[in-house]
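These notes concern the structure reproduced below.
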Ligand code: THU
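In our numbering, the protein residues as written are 1 to 130.
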């Protein structure tokens, strides 16, 4: 299943509209494409107990993984006006574990994106060897 990155970025921009951000006012949207061709969206969801906030990337990834899907690509955008949206360290660690091969389309607020792999963003990751 091949879809254009632009479509996935557009999905992330729509997901951003659902962000629950009464504290930061910073909206983030994410969308993942799975091997079965499905798209799962995510937005950041904040909480008055701040540390319970969850990032848009992890919402989208966890939705897909919890449905038994394999993730091929992830798009991320935000309302910030300062270039492309870079996933936080926690999300990088989750991407590394759950979709290490995924293409990452990191977009600015207008949808202009650059393509990366997690190795570009998180070299020498922590992993458990069994
Ligand atoms: N946020 C994300 O959704 N993804 C990231 O990768 C970085 C940060 C959210 C969390 C919080 O709701 C807001 O952006 C400000 O940190």
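Virtual Cβ for every residue (Gly too), placed ideally from N, Cα, C.
- Around the CB of residue 113, 16 or more other CB atoms lie within 10 Å, so the residue is classed as buried.
- No heavy atom of the ligand THU is found nearer than 6 Å to the CB of residue 77.
- Counting along the chain, residue 4 sits inside no alpha helix (DSSP H), nor does DSSP assign it H or E at all.
- In this structure, residue 99 has its beta carbon at no less than 6 Å from each heavy atom of the ligand THU.
- Rounded to the nearest whole angstrom, the C-alpha separation of residue 42 and residue 130 is 31 Å.
- When beta bridges are read from the DSSP output, residue 23 appears opposite no residue.
- For the pair of segments examined, the segment 48-65 was found to touch the segment 74-93: the number of CB pairs separated by less than 8 Å reaches three.
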